[in-house]
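Residue numbers (this note's numbering): 49 to 233. The C-beta atom is built at its ideal place from N, Cα and C for all residues, glycine as well. A quick note: this is a predicted structure, and the numbers were derived from the prediction, not measured. Read the structure below first, then the notes.
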(Lines of atoms letter the chains of each structure in order from A and count residues from 1; the text may use other names and numbers.)
(Lines give C-alpha, C1' and ligand atoms only; values in the text may rest on other atoms or scores of the structure.)
Protein backbone atom coordinates (compact mmCIF):
# COMPACT_ATOMS: atom_id res chain seq x y z
CA UNK A 1 0.00 0.00 0.00
CA UNK A 2 1.48 3.36 -0.95
CA UNK A 3 1.69 6.48 1.21
CA UNK A 4 -1.28 8.18 -0.43
CA UNK A 5 -3.56 5.27 0.45
CA UNK A 6 -2.31 5.30 4.04
CA UNK A 7 -2.88 9.05 4.31
CA UNK A 8 -6.45 8.63 3.05
CA UNK A 9 -7.04 5.83 5.57
CA UNK A 10 -5.60 7.98 8.36
CA UNK A 11 -7.81 10.90 7.43
CA UNK A 12 -10.79 8.54 7.39
CA UNK A 13 -10.21 7.81 11.07
CA UNK A 14 -7.76 4.89 11.07
CA UNK A 15 -5.11 6.40 13.38
CA UNK A 16 -2.97 3.26 13.45
CA UNK A 17 -1.85 3.72 9.84
CA UNK A 18 0.01 6.87 10.80
CA UNK A 19 2.39 4.66 12.77
CA UNK A 20 2.99 2.70 9.56
CA UNK A 21 3.93 5.92 7.79
CA UNK A 22 6.27 6.89 10.61
CA UNK A 23 7.94 3.47 10.66
CA UNK A 24 8.29 3.52 6.89
CA UNK A 25 9.98 6.92 6.77
CA UNK A 26 11.59 7.57 10.15
CA UNK A 27 15.09 6.70 8.94
CA UNK A 28 14.87 9.10 5.99
CA UNK A 29 13.52 11.93 8.15
CA UNK A 30 16.08 11.29 10.89
CA UNK A 31 18.81 11.16 8.24
CA UNK A 32 17.79 14.55 6.91
CA UNK A 33 17.88 16.04 10.40
CA UNK A 34 21.14 14.42 11.52
CA UNK A 35 22.87 15.46 8.30
CA UNK A 36 22.02 19.06 9.04
CA UNK A 37 22.45 19.12 12.80
CA UNK A 38 25.32 16.65 13.28
CA UNK A 39 23.74 15.67 16.58
CA UNK A 40 21.77 12.47 17.07
CA UNK A 41 19.83 13.88 20.01
CA UNK A 42 18.88 17.08 18.20
CA UNK A 43 17.99 15.10 15.08
CA UNK A 44 15.74 12.75 17.05
CA UNK A 45 13.88 15.74 18.50
CA UNK A 46 13.51 17.34 15.08
CA UNK A 47 12.28 14.12 13.46
CA UNK A 48 9.71 13.59 16.19
CA UNK A 49 8.54 17.18 15.95
CA UNK A 50 8.27 16.90 12.15
CA UNK A 51 6.03 13.84 12.41
CA UNK A 52 3.85 15.58 15.01
CA UNK A 53 3.41 18.56 12.68
CA UNK A 54 2.49 16.33 9.74
CA UNK A 55 0.08 14.42 11.98
CA UNK A 56 -1.67 17.68 12.88
CA UNK A 57 -1.78 18.87 9.28
CA UNK A 58 -3.20 15.60 8.02
CA UNK A 59 -5.64 15.38 10.93
CA UNK A 60 -7.08 18.72 9.85
CA UNK A 61 -7.59 17.52 6.29
CA UNK A 62 -4.41 18.77 4.65
CA UNK A 63 -3.27 16.97 1.53
CA UNK A 64 0.45 16.47 1.10
CA UNK A 65 2.86 14.00 -0.45
CA UNK A 66 3.97 12.43 2.80
CA UNK A 67 7.73 11.80 2.60
CA UNK A 68 8.78 14.98 0.77
CA UNK A 69 6.59 17.03 3.06
CA UNK A 70 7.80 15.53 6.34
CA UNK A 71 11.43 15.83 5.17
CA UNK A 72 10.86 19.47 4.27
CA UNK A 73 9.38 20.11 7.71
CA UNK A 74 12.34 18.34 9.33
CA UNK A 75 14.77 20.45 7.29
CA UNK A 76 12.94 23.64 8.26
CA UNK A 77 12.92 22.67 11.94
CA UNK A 78 16.62 21.83 11.77
CA UNK A 79 17.37 25.18 10.16
CA UNK A 80 15.42 26.93 12.88
CA UNK A 81 17.56 25.16 15.48
CA UNK A 82 20.72 26.05 13.63
CA UNK A 83 19.71 29.69 13.49
CA UNK A 84 18.82 29.76 17.19
CA UNK A 85 22.16 28.22 18.11
CA UNK A 86 23.97 30.38 15.55
CA UNK A 87 26.26 27.53 14.64
CA UNK A 88 25.09 26.79 11.11
CA UNK A 89 28.53 27.09 9.59
CA UNK A 90 30.11 24.40 11.77
CA UNK A 91 27.78 21.88 10.20
CA UNK A 92 29.37 22.26 6.80
CA UNK A 93 31.95 19.59 7.63
CA UNK A 94 31.35 16.19 6.25
CA UNK A 95 32.34 14.12 9.26
CA UNK A 96 32.39 10.82 7.42
CA UNK A 97 34.88 12.12 4.87
CA UNK A 98 37.03 13.51 7.65
CA UNK A 99 37.14 10.18 9.51
CA UNK A 100 38.12 8.39 6.30
CA UNK A 101 40.84 10.93 5.72
CA UNK A 102 42.35 10.18 9.13
CA UNK A 103 43.19 6.72 7.91
CA UNK A 104 44.37 7.71 4.43
CA UNK A 105 46.29 10.94 4.99
CA UNK A 106 49.33 11.94 6.98
CA UNK A 107 48.94 13.91 10.19
CA UNK A 108 50.16 17.02 8.40
CA UNK A 109 47.59 16.65 5.61
CA UNK A 110 44.81 16.08 8.14
CA UNK A 111 45.86 19.16 10.11
CA UNK A 112 45.94 21.31 6.98
CA UNK A 113 42.54 20.04 5.87
CA UNK A 114 41.10 20.70 9.33
CA UNK A 115 42.46 24.27 9.25
CA UNK A 116 40.97 24.84 5.79
CA UNK A 117 37.60 23.50 6.92
CA UNK A 118 37.66 25.77 9.97
CA UNK A 119 38.49 28.72 7.72
CA UNK A 120 35.55 27.87 5.45
CA UNK A 121 33.20 27.62 8.45
CA UNK A 122 34.37 30.98 9.77
CA UNK A 123 34.00 32.62 6.37
CA UNK A 124 30.50 31.19 5.96
CA UNK A 125 29.57 32.63 9.36
CA UNK A 126 30.73 36.06 8.12
CA UNK A 127 28.64 35.97 4.94
CA UNK A 128 25.56 38.15 4.88
CA UNK A 129 22.58 36.16 6.19
CA UNK A 130 20.81 35.96 2.81
CA UNK A 131 23.84 34.25 1.23
CA UNK A 132 24.73 32.12 4.26
CA UNK A 133 21.18 30.79 4.42
CA UNK A 134 21.04 29.54 0.82
CA UNK A 135 24.53 28.04 1.06
CA UNK A 136 23.56 26.10 4.20
CA UNK A 137 20.23 25.04 2.70
CA UNK A 138 21.87 23.79 -0.48
CA UNK A 139 25.15 22.29 0.71
CA UNK A 140 24.23 21.17 4.24
CA UNK A 141 20.54 20.40 3.98
CA UNK A 142 20.89 19.15 0.42
CA UNK A 143 17.82 21.04 -0.76
CA UNK A 144 17.32 21.69 -4.45
CA UNK A 145 16.95 25.19 -5.81
CA UNK A 146 13.20 24.63 -6.05
CA UNK A 147 12.97 23.45 -2.43
CA UNK A 148 15.00 26.43 -1.25
CA UNK A 149 12.75 28.79 -3.20
CA UNK A 150 9.66 27.23 -1.62
CA UNK A 151 11.21 27.31 1.86
CA UNK A 152 12.16 30.97 1.58
CA UNK A 153 9.06 31.99 -0.37
CA UNK A 154 11.30 33.58 -2.98
CA UNK A 155 11.51 33.17 -6.77
CA UNK A 156 13.93 30.53 -8.05
CA UNK A 157 15.93 33.18 -9.94
CA UNK A 158 16.59 34.99 -6.65
CA UNK A 159 17.71 31.74 -5.00
CA UNK A 160 20.08 30.97 -7.87
CA UNK A 161 21.42 34.51 -7.79
CA UNK A 162 22.04 34.41 -4.02
CA UNK A 163 23.71 31.02 -4.24
CA UNK A 164 25.95 32.21 -7.08
CA UNK A 165 26.91 35.42 -5.27
CA UNK A 166 27.35 33.64 -1.93
CA UNK A 167 29.69 31.10 -3.51
CA UNK A 168 31.63 33.89 -5.22
CA UNK A 169 31.98 35.83 -1.96
CA UNK A 170 33.10 32.66 -0.20
CA UNK A 171 35.63 31.81 -2.90
CA UNK A 172 36.99 35.37 -3.03
CA UNK A 173 37.34 35.37 0.76
CA UNK A 174 39.15 32.04 0.71
CA UNK A 175 41.59 33.22 -1.95
CA UNK A 176 42.26 36.56 -0.23
CA UNK A 177 42.73 34.84 3.12
CA UNK A 178 45.83 33.07 2.02
CA UNK A 179 45.64 31.77 -1.45
CA UNK A 180 43.63 28.74 -0.45
CA UNK A 181 42.72 26.95 -3.63
CA UNK A 182 39.25 25.57 -3.04
CA UNK A 183 36.75 24.82 -5.77
CA UNK A 184 33.27 25.97 -4.75
CA UNK A 185 30.71 24.13 -6.84
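Closest by C-alpha distance to residue i, when choosing among the options
{"i": "residue 91", "options": "102, 129 and 109", "result": "129"}
{"i": "residue 122", "options": "195, 221 and 225", "result": "195"}
{"i": "residue 170", "options": "103, 217 and 77", "result": "217"}
{"i": "residue 65", "options": "83, 213 and 50", "result": "50"}
{"i": "residue 237", "options": "89, 215, 207 and 96", "result": "Shown here, the chain extends from 49 to 233; a query on residue 237 therefore has no answer."}
{"i": "residue 56", "options": "221, 215, 111 and 222", "result": "111"}
{"i": "residue 176", "options": "214, 188 and 119", "result": "214"}
{"i": "residue 94", "options": "119, 107 and 106", "result": "119"}
{"i": "residue 168", "options": "201, 102 and 220", "result": "220"}
{"i": "residue 63", "options": "87, 103, 88 and 86", "result": "103"}
{"i": "residue 89", "options": "107, 106 and 126", "result": "126"}
{"i": "residue 209", "options": "198, 193, 199 and 201", "result": "193"}
Burial state of residue i (16 or more Cβ within 10 Å)
{"i": "residue 80", "result": "buried"}
{"i": "residue 186", "result": "buried"}
{"i": "residue 230", "result": "Note that residue 230 scores a pLDDT of 48, beneath 50, so its modelled location is shaky and nothing firm can be said."}
{"i": "residue 160", "result": "exposed"}
{"i": "residue 178", "result": "exposed"}
{"i": "residue 223", "result": "exposed"}
Check whether residue i and residue j have beta carbons under 8 angstroms apart
{"i": "residue 180", "j": "residue 172", "result": "yes"}
{"i": "residue 166", "j": "residue 109", "result": "no"}
{"i": "residue 184", "j": "residue 211", "result": "no"}
{"i": "residue 77", "j": "residue 98", "result": "yes"}
{"i": "residue 207", "j": "residue 84", "result": "no"}
### Task
For the stretch 111-121 and the stretch 65-84, state whether three or more C-beta atom pairs, one from each stretch, are separated by less than 8 angstroms.
yes
#### Entry: Complete alpha helix (DSSP H) runs within the stretch 65-133 (minimum length 4 residues, chain order)
88-107 and 114-133
### Task
Would you list, in sequence order, the uninterrupted alpha helix (DSSP H) runs of no fewer than 4 residues that lie entirely inside the stretch 200-231?
204-226
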